[in-house]
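Peer 1: Heads up: take any position in the sequence shown, counting from 1, add 34, and you land on our numbering.
This is the structure I want to talk about, given as structure tokens.
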Amino acid sequence: MGKLQKELENLKASAKRDIESIQISISTFGLDYSNPNRITDTIDEYEQAYQQTNNVEILFKYALFLGENNQFIPAIEKFLLALGHYKLLAKFNPQVYLPRVADILVPWGFYKMITTN
């Protein structure tokens, strides 16, 4: 059983590294201001990464990117989706995930205010 547990931990660590490398590559991609299609290309990268991983951290960063680039309505939609994920996770581990819920509520509220005024 020890070998199986070690294998499982290695797989989890590998998956975490893969998600972190995806986030780094998308962030770098989004900062390429020499690309005239930077925003749409980065949105496509975020969409593809989220569909492949279903990772809430990628979704949260995607929502932030949308908001920072004046895509307020899509940003609000992504924030609400991420909020649903984090609320569910917070039920099982509130110490870790309740701060993430708060992290979402601040920009979500700001973008919501912008779109209603």
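We put the CB at the ideal spot given by N, CA and C, even for glycine.
Small disclaimer: the values here were computed from a predicted structure and weren't measured.
Closest to Y80 by CA distance: which of N69, A109, Y67 is it?
Peer 2: A109
Peer 1: Which residue spans inside the segment 72 to 118 form an unbroken alpha helix (DSSP H) run of at least 4?
Peer 2: Look at the segment 72 to 118 and you find these whole runs of alpha helix (DSSP H), each 4 residues long or longer: 72 to 87, 90 to 102.
Peer 1: Roughly how many whole angstroms lie between the Cα atoms of Q129 and D137?
Peer 2: 14 Å
Peer 1: Excluding the 5 residues preceding and the 5 following A116 in the sequence, name in chain order all residues of the same chain whose CB lies nearer than 7 Å to its CB.
Peer 2: V90, L93, F94, A97, I138
Peer 1: How big is the Cα-Cα spacing for V135 and D75?
Peer 2: Straight across, the Cα-Cα distance linking V135 with D75 is about 28 Å.
Peer 1: My understanding is that F99 touches T149, with C-beta atoms under 8 Å, so please give their C-beta distance in whole angstroms.
Peer 2: Actually they are not in contact, since the Cβ atoms of F99 and T149 sit about 17 Å apart, beyond 8 Å.
Peer 1: Within 9 Å of any Cβ in chain C, is that where the Cβ of Y96 sits?
Peer 2: Looking at the structure shown, chain C is missing, and only one protein chain is on hand.
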